[in-house]
Each structure stands twice: as C-alpha cells, then as structure tokens.
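Q: Mind the numbering: the sequence shown is residues -22 to -1, 1 to 552 in mature numbering (1 follows the signal peptide of the UniProt record, and there is no 0), read in order.
All residues carry an ideal CB built from backbone N, CA and C; glycine is no exception.
Bear in mind the structure is a predicted one, so any value in this text is a computation, not a measurement.
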Amino acid sequence: MTTKPRAFVPFLLLLSILLVSATLTFSVTTEDPKRRLERCKQECRESRQGEQQERRCVSQCEERYERERREQEERRGQGEERGRGGGKREEPEKRLEECRRECREQAERKEQRECEKRCEEEYKENRGRSKKGEEGEEGKGEKRIESDPYFFDEESFLHRVRTEHGHVRVLRNFLEKSKLLLGVANYRVAILEANPNTFVLPSHWDAEALLFVARGHGQITLQCQDNKATHELRRGDIMRVRAGTIVSFANRGVGNEKLVVVILLHPVATPGMFEAFVGAGGQNPESFYRSFSKRVLRAAFNTREDKLERLFERQNKGAIIQASQEQIKEMSRGSEGRSWPFGESRRPFNLFHKRPSHSNRHGELREADSNDYPELRDLNIHVSYANISKGSMIAPNYNTEATKISVVIGGNGDVQIVCPHTSRQQEEGRGREEEEGRGRQEGREEEEEEQQQRGQHYARVESKVSCGTTFIVPAGHPSVSVSSRNENLEVLCFEINAKNNQRTWLAGRNNVLKQMDRVTKELAFDLPAREVDEVLNAPREEVFMAGPEERGRESERGEGRDGPLQSILEFAGF
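1. State the DSSP-derived secondary structure class of residue 309, mapped to helix, strand or coil.
2. Comparing alpha-carbon positions, which option in 463, 473, 494, 468 lies nearest residue 527?
3. Only counting the same chain, and skipping five residues up and downstream in sequence, which positions put a Cβ closer than 7 Å to that of residue 48?
4. Sorted by chain position, which residues of the same chain lie with C-beta nearer than 7 Å to residue 247's C-beta, five sequence neighbours on each side aside?
5. Which residues bound the alpha helix (DSSP H) around residue 498?
6. Could you check the C-alpha separation between residue 374 and residue 456 for me, to the nearest Å?
7. So, with DSSP's three-state summary, where would you put residue 365?
8. Cβ atoms of residue 392 and residue 469: under 8 Å apart, would you say?
9. Give every residue of the same chain whose Cβ lies closer than 6 Å to the Cβ of residue 488, excluding the five residues on either side of it in the sequence, and list them in chain order.
10. Would the region 160 to 167 and the region 187 to 206 be scored as touching if the rule is three or more Cβ pairs under 8 Å?
11. Quick check: the Cα distance between residue 234 and residue 174, rounded to an integer number of angstroms?
12. Does the beta carbon of residue 163 sit closer than 8 Å to a beta carbon anywhere in chain C?
13. Go ahead and pull the three-state DSSP assignment for residue 238.
14. Please confirm if the region 362 to 377 is in contact with the region 335 to 347, defined as three or more CB-CB distances below 8 Å between the two stretches.
15. Which ranges would you report for the alpha helix (DSSP H) in the region 505 to 529 if only whole runs of at least 4 residues count?
16. Would you decide whether residue 229 is buried or exposed? Buried here means 16 or more other CB atoms lie within 10 Å of its CB.
17. By DSSP, does residue 128 sit in helix, in strand, or in coil?
18. With distances taken from CA atoms, which of 524, 16, 81 is nearest residue 137?
19. Would you please state the rounded distance, in angstroms, between the beta carbons of residue 169 and residue 147? I believe it to be under 8 Å.
20. Can you tell which of 182, 287, 227 has its C-alpha closest to the C-alpha of residue 273?
21. Buried or exposed: which applies to residue 42, given that a residue is buried once 16 or more other Cβ atoms fall within 10 Å of its Cβ?
22. With C-beta atoms as the reference, is residue 383 less than 8 Å away from residue 474?
23. Along the chain, where does the beta strand (DSSP E) that runs through residue 473 open and close?
24. If I measure Cβ to Cβ from residue 478 and keep anything under 7 Å in the same chain, skipping five residues before and after, which residues do I get?
25. By the three-class DSSP mapping on this structure, what secondary structure does residue 221 have?
26. What are the boundary residues of the alpha helix (DSSP H) that includes residue 274?
27. Look up residue 442 in the DSSP assignment and give the residues it is bridged to.
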C-alpha cells in the first residue's frame, strides 16, 4: 500500500509538465501581437548580448510585430470581402522566406538559429490559418481581385537594411497584391536613405538598377573587374547600375541633409526576386566569403586561417556606417572622372538640368528618354517628374503602351485611376450569390450574356497619396493626380515599355477628343457638335490646370467657363 503514492508522484509530475507545455503552446498561438512584441523585446534584453546585437534583436521584434499586425488587418479584410470575391492572401511560404532573410542579418550563428526557429513556428501557424481560409474558396480564386490593386503605402515596404545611420526599404512584389500587376511583376522598388557623413558598404545586385536621387547630395562608386569610377550625385540625377556591378554610396553631409535614392530594380536571376551580395563585410553585414569552406578560402587567398577569420569577422556595424568627410573625399580621389569601361553616356543625367516639357503656374513636367540618357534605351524605360502646384492637378491622361510605376517624393494629394477590371469584379460579386442558387454553368453563361448587353463599365480606384506612396497606372488606363491645398505634389514616374509610347491627354486645350470631326462628336455623344465643343473648348490651360477646389472658387468669382453640360471629367467617371 505504501508504494502506490510513490508511483503516483512521477505520474502527477509528468501530467503537470504536459499541461504547462500545452498552456505555453496555446499562449504562443493565441497571444496578442502587442504582448508578444513586449515578450520578444524582454528576451532581447535578457539575452546578455552586446548593445548593437540587442538593438538589432529589438528591431527584428518590431518588424515581426508589424508583419503580424498587417496580416491581422488583411484577414479582417478578407472576412469582409469573402462573399464578394475580394482580397488576396499572401502565401505563408513567401513570409517564411522573408523572415529567414531577416534572420541572416543576425551577427551570431546562435542568434540566427533561434531566429529561424521562430520563423518556422510562425510559418506553421500561418499555414494553418491559410488552409482554413481556403476551405470553400475553390473555384473562386480566379475571379478574386483586390478592390484597390494599384496603391502601396509605406507599410508595404520591408526593411532589408536598418542601422542608426540609415536604411534600405524594398516594396513587396507587385504580384503579391493583384494579378492585374503581372505586367510589372519582374520589377521591384527600393528606397535608400543615408544620414549625413555616412557610407553604404559595397555590394552587387543580381538585378539591373535605375537610380533617381530624390533628395540630398552624395557620391556613388562603381567597380567592375579592372576599373573603378566615382560620380557625384545631386538631386534629380538619373543613373543606371548594371547587374553585377559593385556599388557603394556615400553622403557627404552637404547641408546636413539625408541622401534619398529611389531605385527601380529589374532582376536577372530569379523573376521578381533580387538579392544584394556583400563581399567586403564581416559578421554584419555578412560577407558571402564566409559561406565558402575554410579550406577553399585558404587556397584562394593563399593566407593563414587566422588572418582570414580576422578579415571576414571583424565588421559588425551594419551595412550603413558613419564616415568622416576626409574618408569620403579619399574614396573618390583618383577615380573621379574616369569614363572607361563605364563610358561618358553612363555618367548620371540630371533631369532638373533639362527644360520642362510642359510648364505653367499650375505645375511643371520634366521628362527624360534615351535621347537624353542613352542607358534608358536598353532598359526600355522613360523617367518623368511632375511637380503639381498646391491646389492644382495634372490633366486626365493615359499612356498608349507604357505602364507607370510612380513614387511620391514630396507633398500629398489624391490620385484617381479608371479601371474596367475592378468594375467587372463588383458586377461578378453581385451576381455570384444568384449564380450559386442555380446551375453554375447556366448562371455563368447568363451573366456573361447580360454583361455584354449592358456594355463596358468602369470603376474609379482612388487613394490619398503622400511622400513614400507608390502606385501603378497600367497602359491605357486613364488617371489624374490632384495636389492638396497645402503643398505641391511631386511624383516620380518610371514608364515601363516606353518604346513607341505616347501620352494622350483627355482634357485641356490639347484634349485628344477635340480632333474628332463634327459628325463623330454628334454620333458619339448624341448631342449637337456645338454643345460638345462648348465643353471641350472650355479649359484655358493644357497638361496642368486648376484642381477641383480652385476651379470651384474661380466659378464663384465668375472666372470659370463651365457650360451647361457636365464637365468632361464627370463624364469620364473622375
């Protein structure tokens, strides 16, 4: 009788451990992201690592928190859109790869392993959620399109590099948001910001790159096999960096201003994905030399192992570090002005040194093509910059062949894009419930026939934009940008597939509709040509004009020339 209690004690102990383990597992998967963030930060503080490693650990905790918060918002949005066919779920596999990439920035191998373990746990949890969300969704995915497929705010960027001296942010792949962006899925947008008197360590990219200096003053150094060239960078400079070229940046600290560079990348190895390869580094940023075996490194460098370890393990300050003005000047000495093998045509071209193609009191448009900068010919890209005065707008227009990747580099305002795809999605969403009540094939045929009878419909995709917002305007899609009343709106545009492209203006003195003959106008609008011309000829400006609010004030003062018809903007759906 006395042995039974003793045998029972281990059983109780085992049961307690199992219960505690189950409780901890449950808490990890159900814990509020904010509480998980605080717990993660606490673990960083208690890990007894160096100050810099602790800051990096805390930074990764915050990035993970932001990612989880966005995922929660996406899931809430998917719940609201599920019956209408809206929303697009980001694949857990892609989030896992991003998480692992962040882990590789850890200085210590042990930290990397712990970080990757947390990534695996998050992946399993997110994959479980995705499978639940996909139940009952089969057959509907092909028609599901986001109601706002063209706009990306600052939260859509992920940090590739972040130190106290600057950062590099990369926009998520366009295709992750909508299938409508398939045409630009192999392009990525990145933004480099470097504080005054800093140096961005050399690296090469498996992507072609087109740079635009949005702010500041600095220098760029390009290295190929046998040569090196350093060029000064000023606001408005455009420059191509060929794939595989070793590139580094420096901010000279002129005017104590940050250096901000917008980078359009076109991957050459893996479609839609690119990487930066750092050779001249150590632990942070990690040098790719460290991945070779020690035996190979000893033979390649003909150097003892202890010297190699010192060379490739000492750097631990990050990819953007502080540098004195003397050091920055020394880097450019002896290489400034060299042209071969980079050539005179490969020097930066300054867009602001070229006269505007259009300019009036409401704004100015500057454009660069291959005649200005020959490097653009191979890329098949044009670059433009619109500075829209406060309270004004650029006239509605569309590109015949080019898709615009636009980045707001100053000010704020509104952008509207006319899209037939989102309108069709809304129609399909309304008809889906009726379709499910009858035979699926019969319902689809009736829906298509009904839509053909109704004719084409359009939707207005609209968003507030501010500095850092990126938006896409596909070829053929009419769009308009309106500046706020408080400050100018500055928009940088990379026009993809620019060869043979023409910009077509839909309002203003140069409105393309004014070229229609009298009979065409009367047949198209079902109105006398005189009334149509009254509307088309009303605007006094072209390209840039008064915005809606300013135009309203002009009308109140009797300065406007609005006729009895709807404005052409309202007619077009803006």
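A: According to the structure shown:
1. helix
2. 463
3. 133
4. 184
5. 496 to 503
6. Rounded to whole angstroms, residue 374 to residue 456 spans 6 Å at the Cα level.
7. strand
8. no
9. 520
10. no
11. 6 Å
12. The question asks about chain C, but that chain is absent: this structure has only one protein chain.
13. strand
14. yes
15. 507 to 514
16. By the neighbour-count rule (16 or more Cβ atoms within 10 Å), residue 229 is buried.
17. The answer is coil: DSSP assigns residue 128 none of H, G, I, E or B.
18. When only C-alpha atoms are compared, the closest one is 81.
19. About 5 Å separates the two Cβ atoms, so the contact holds.
20. 287
21. buried
22. yes
23. 467 to 474
24. 379
25. coil
26. 272 to 279
27. 392
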